[in-house]
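Engineer:
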Amino acid sequence: MVDLHDEIAGKLRGVGQRYTTNRRVIIDVLEAATHPLTIQEILDRRTTLAQSSAYRNLAVLEETGVVHRVVSSDEFARYELAEDLTEHHHHHLICRSCGAVADFTVAPEVELVLAGALEQAAGDNEFSAEDHRLDLVGRCRRCR
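Residue numbers for the sequence shown follow our numbering, beginning at 842 and rising by one.
Okay, structure coming up:
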């Protein structure tokens with residue numbers, strides 16, 4: 842099995858970037874998280890990380906496909922490790938009131954049906970799909 846940090850270092854090297862200490866800190870925080878995190882949540886978990894550094898490094902990590910940005914209904918984007926690094930395919934529940942984002946999975950047989958329907962939709966529109974994401978938007982338990 843390939844080490845997460847080695848894989849990320851290789852991806853970054855492939856685009857002429859280094860795997861710096863601050864990038865490693867961000868990856869460690871995201872790896873430990875149970876849901877996508879805002880920049881403030883990342884900073885709260887690693888108080889030694891400067892806000893400007895977090896913004897810069899997340900931009901690089903997103904551009905290289907190491908992290909994925911989840912846009913919710915509030916003004917704060919959330920970040921998580923890209924699925925190809927975690928091997929954990931999942932979808933998101935997004936609260937339109939507070940902006941909270943939670944992960945969820947569906948049964949493998951449901952995922953197969955969903956993937957087939959999305960593949961059909963892509964083909965019908967002469968679109969070459971590489972993967973899919975499903976976001977359910979509504980109200981979380983707290984906001985209902």
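Glycine residues also receive a C-beta, built at the ideal position from the N, C-alpha and C atoms. On a predicted model such as this, the values are computed, not experimentally measured, just so you know.
Cα-Cα, which of GLU924, ASP915 and GLU952 is closest to ARG980?
Structural biologist: Against the sequence shown, residue 980 aligns to sequence position 139. For the residues GLU924, ASP915 and GLU952, the minimum Cα distance to ARG980 belongs to ASP915.
Engineer: Count the other C-beta atoms from every protein chain shown that fall within 10 angstroms of the C-beta of ARG974, then say buried if there are 16 or more, exposed otherwise.
Structural biologist: Sequence index remark: in the sequence shown, residue 974 carries index 133 (1-based). Flag for ARG974 reads exposed.
Engineer: Using the three-state DSSP reduction, which class does TYR896 fall into: helix, strand or coil?
Structural biologist: Counted from its first residue, the sequence shown places residue 896 at position 55. DSSP places TYR896 in helix when its eight states are reduced to three.
Engineer: Reducing DSSP to helix, strand and coil, say where GLU952 ends up.
Structural biologist: Here the question's residue 952 lines up with position 111 in the sequence shown. It is helical.
Engineer: Short check: CB of ALA806 to CB of HIS933, under 8 Å?
Structural biologist: A query on residue 806 cannot be resolved here, the shown segment of the chain reaching from 842 to 985 and no further.
Engineer: Using the Cβ count rule (16 or more neighbours within 10 Å means buried), how would you classify CYS984?
Structural biologist: Here residue 984 refers to the residue found at position 143 when the sequence shown is read from its first residue. Label assigned to CYS984: exposed.
Engineer: Can you give the Cα-Cα distance for ILE883 and GLY940, rounded to whole angstroms?
Structural biologist: Here residue 883 is taken as the residue at index 42 of the sequence shown, counted from 1. Here residue 940 is taken as the residue at index 99 of the sequence shown, counted from 1. Their Cα atoms are separated by approximately 16 Å.
Engineer: With DSSP collapsed to three states, give me the class of GLU967.
Structural biologist: If you number the sequence shown from 1, residue 967 lands on position 126. It is coil, neither helix nor strand.
Engineer: With C-beta atoms as the reference, is GLU904 less than 8 Å away from ARG910?
Structural biologist: Sequence index remark: in the sequence shown, residue 904 carries index 63 (1-based). Sequence index remark: in the sequence shown, residue 910 carries index 69 (1-based). Cβ atoms of GLU904 and ARG910: not closer than 8 Å.
Engineer: From ARG864 to ASP925, what distance separates their C-alpha atoms?
Structural biologist: Working through the sequence shown from its first residue, we reach residue 864 at position 23. Working through the sequence shown from its first residue, we reach residue 925 at position 84. Roughly 18 Å separates the two Cα atoms.
Engineer: How is the beta strand (DSSP E) around GLY906 delimited, first residue to last?
Structural biologist: The residue you call residue 906 lines up with position 65 of the sequence shown. Here GLY906 belongs to no beta strand (DSSP E), and DSSP marks it neither H nor E.
Engineer: Anyone know if the C-beta pair for LEU871 and LEU922 falls short of 8 Å?
Structural biologist: Walking along the sequence shown from the start, residue 871 turns up at place 30. Walking along the sequence shown from the start, residue 922 turns up at place 81. Cβ atoms of LEU871 and LEU922: closer than 8 Å.
Engineer: Can you grab the Cα-Cα spacing for the pair GLN961 / SER893, in whole Å?
Structural biologist: One-based indexing of the sequence shown puts residue 961 at position 120. One-based indexing of the sequence shown puts residue 893 at position 52. One C-alpha to the other measures close to 43 Å.
Engineer: Given this structure, state the Cα-to-Cα distance separating VAL901 from GLN858, to the nearest angstrom.
Structural biologist: Taking the sequence shown and counting its residues from 1, one reaches residue 901 at position 60. Taking the sequence shown and counting its residues from 1, one reaches residue 858 at position 17. Going from the Cα of VAL901 to the Cα of GLN858 covers about 8 Å.
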